[in-house]
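**Q** Attaching a single structure in structure tokens format; questions to follow.
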Amino acid sequence: MNDSSHIDQTVHHLFRQASGKMVAVLVKIFGPENYTLAEDVVQDALLSGLETWKFNGIPNNPEAWQYRVAKNKAIDIIRRKKHQHHIDFSSVESLPIEPATLDQYWQEESIQDDFLGMMFACCHPDISPENQVTFILKSLCGFSTREVARAFLTSEDTISKRIYRTKEFFRAHHIRPQIPPPAQLPIRLDAVLNSLYLLFNEGYSATQHEQLIRQDIIDQAMYLCQSLLNHEHTRQPRTAALMALFCFHAARIHSRLHRDGTIIPLSQQDRQQWNTAMIAVGNNWLNKAADGASFSSFHLEAAIAYEHCIAPSYAATNWKRILAYYNALLQLTKDPVILLNRSVALLEYAGPPAALQSLQVLENHRQLNRYYLYHAVVGEIYKRMGQKDKAVACFEQARQLTTAQQEQAFLSAKIADT
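Mapping of the sequence shown onto UniProt numbering: position 305 corresponds to residue 305, and the numbering continues sequentially without gaps.
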């Protein structure tokens, strides 16, 4: 790799970490009706970094450098357009254009508040979940429209429409980057955590991408969750539980695929490849999640993931305890996917007949009948019962329902092995 390419990649990484914060601050300054203008300023800051750092080297504090560039560009825009109608300052808090006044917006504590506020804005309850995740990747993670489109294997036009609708919602409802008041915080925080959960899941097992694992998306989900944990108002037990869950899953990523990209089932994974340091970090967050009286589904999912992490082998897994966690989880949520996952634990603990019986209530479930893992699990149950024809039929149906090449190859191998 030549020096120029290295600089480009380094700048892009640094920009991705800082872009969401800059967008949040600039939306606060310009107002939500000028979101695109805020994006343009951030893009200019990136280009300035690319041009300057190639000749002068990367500064000691690149994030502060980018903030300074963005602030100066914002000052220029305000000075040039304060008498134009392009920016309607009547809807923005009083904002003199002197540089000293803008400095208050670029203090670290203020930046962090605005960044979290932008996270809550992206996850407004009236924005659809798919648009929430799309806008998080675009506005908070610094993904380009093309990168977001690649992440979901859809067209740039589709992503552009999602982003446009979200911007229009911001404009129409004057949605600003701000942390909700205490009375609204619990339910609004749940929406943010659920979006991060979906974001991480997309990275951990990409539904619409040629790569089954998207490390870049996993990293961003964990970065956003850590940002919530860094703030006193959002450092809640369920936030810590979600981070613990992320750590336990991320610790096992490198054992999930062969070098050729084919899937390695949990029962065959090399546990020596698991990241014990990250498991320890996850355990620390799980312990912190136990503080207080609140309890969430993330606590139980993290506890299940932890049991897998500490088991010396697949055979030695404490399936009884995992089954108990799933039973408790079903008391909190009636999600049929939880019931499906529970059947896997039941298969290992009580055997195929019990697992099959537990799934009878899902036989006519419309959504699960379109979910490839449902048919894959039923196929595995039939395989262990010695009913090969039924097993093959289920595996084949599962293969037809997934678009991921690795999953299709895995199911083809299951069919051949049945």
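Every residue gets a Cβ at the ideal spot worked out from N, C-alpha and C, and that includes glycine.
By alpha-carbon positions, which one of Q104, R366, E380 and G31 ends up nearest to A355?
**A** E380
**Q** Residues in the same chain with beta-carbon distance under 7 Å from Q408, minus the five sequence neighbours each way, listed in chain order, please.
**A** Within its own chain, the residues whose Cβ lies closer than 7 Å to the Cβ of Q408, once the five positions on either side in sequence are excluded, are R399 and T402, listed in chain order.
**Q** Can you give the Cα-Cα distance for T52 and A324, rounded to whole angstroms?
**A** 58 Å
**Q** Just to confirm the assignment, what range does the alpha helix (DSSP H) spanning N60 have?
**A** Premise fails: N60 is in no alpha helix (DSSP H) and is neither H nor E.
**Q** Between the alpha carbons of P177 and G386, how many angstroms are there, rounded?
**A** Those two C-alpha atoms are separated by around 58 Å.
**Q** What are the boundary residues of the alpha helix (DSSP H) that Q383 is part of?
**A** Note that residue 383 corresponds to Lys in the displayed sequence, not to Gln. Unbroken alpha helix (DSSP H) run through K383: Y372 to R384.
**Q** Let me check understanding here. Comparing Cα to Cα, which of R146, S195 and L46 lies closest to R68?
**A** L46
**Q** Straight-line CA distance for F89 to F30?
**A** The pLDDT assigned to F89 is 45, lower than 50, so where the model puts this residue is not dependable, and the model offers no usable value.
**Q** Mind pulling the alpha helix (DSSP H) runs of 4 or more residues that sit fully within the segment 104 to 152?
**A** 108 to 122, 129 to 135 and 145 to 151
**Q** Hey, could you find the ends of the alpha helix (DSSP H) G31 is sitting in?
**A** That residue, G31, is in no alpha helix (DSSP H); it is neither H nor E in DSSP.
**Q** Note down the Cα distance separating Q66 from Y306, rounded to an integer number of angstroms.
**A** One C-alpha to the other measures close to 39 Å.
**Q** Which one or two residues does DSSP pair with L329 in a beta bridge?
**A** Its beta-bridge partners do not exist; DSSP assigns none.
**Q** Going by other Cβ atoms of all chains shown within 10 Å of its Cβ, with 16 needed for buried, is D113 buried or exposed?
**A** buried
**Q** Looking only at DSSP bridge pairs, what is L257 linked to?
**A** I263
**Q** Rounded to the nearest angstrom, how far is the Cβ of L228 from that of T234, given a contact under 8 Å?
**A** 4 Å
**Q** At the level of alpha carbons, what is the spacing between F298 and I78?
**A** 44 Å
**Q** Tell me whether L362 is buried or exposed, calling it buried when 16 or more other Cβ atoms sit within 10 Å of its Cβ.
**A** L362 should be labelled buried.
**Q** Just reading off the alpha helix (DSSP H) that L362 is part of, what are its end residues?
**A** No alpha helix (DSSP H) contains L362, which DSSP labels as neither H nor E.
**Q** Output the distance between the C-alpha atoms of G203 and R146, rounded to the nearest integer angstrom.
**A** 17 Å
**Q** For L346, count neighbouring C-beta atoms within 10 Å of its own C-beta (all shown protein chains included) and say buried if the count is 16 or more, exposed if not.
**A** It is buried - the Cβ of L346 has at least 16 other Cβ atoms within 10 Å.
**Q** Could you have a look at F295 and say whether DSSP puts it in helix, strand or coil?
**A** coil
**Q** Is it buried or exposed for L340, if we count other Cβ within 10 angstroms and need 16 for buried?
**A** buried
**Q** Determine the burial state of P181: buried for a count of at least 16 other Cβ atoms within 10 Å of its Cβ, exposed for fewer.
**A** It is exposed - the Cβ of P181 has fewer than 16 other Cβ atoms within 10 Å.
**Q** Assuming the contact rule is C-beta atoms closer than 8 Å, F170 and P32 should be a hit. Round their C-beta distance to whole Å, please.
**A** With a beta-carbon spacing of about 4 Å, F170 and P32 fall inside the 8 Å limit used to define contacts.
**Q** Whose C-alpha, out of P336, K334, W319 and A149, is nearest the C-alpha of A350?
**A** W319
**Q** Could you tell me whether the segment 35 to 42 touches the segment 118 to 133, where touching means 3 or more Cβ pairs closer than 8 Å?
**A** no
**Q** Given this structure, state the Cα-to-Cα distance separating A328 from Q184, to the nearest angstrom.
**A** 27 Å
**Q** Decide if T333 is buried, meaning its Cβ has at least 16 other Cβ atoms within 10 Å, or exposed.
**A** exposed
**Q** Since L224 and L140 are thought to touch, with beta carbons under 8 Å apart, how far apart are those beta carbons, to the nearest angstrom?
**A** 6 Å between Cβ atoms; contact.
**Q** Which of the three DSSP states is assigned to L286 in this structure?
**A** helix
**Q** Measure the C-alpha to C-alpha separation of Q367 and A376 and round it to an integer number of angstroms.
**A** 15 Å
**Q** For S412, name the three-state secondary structure that DSSP assigns.
**A** helix
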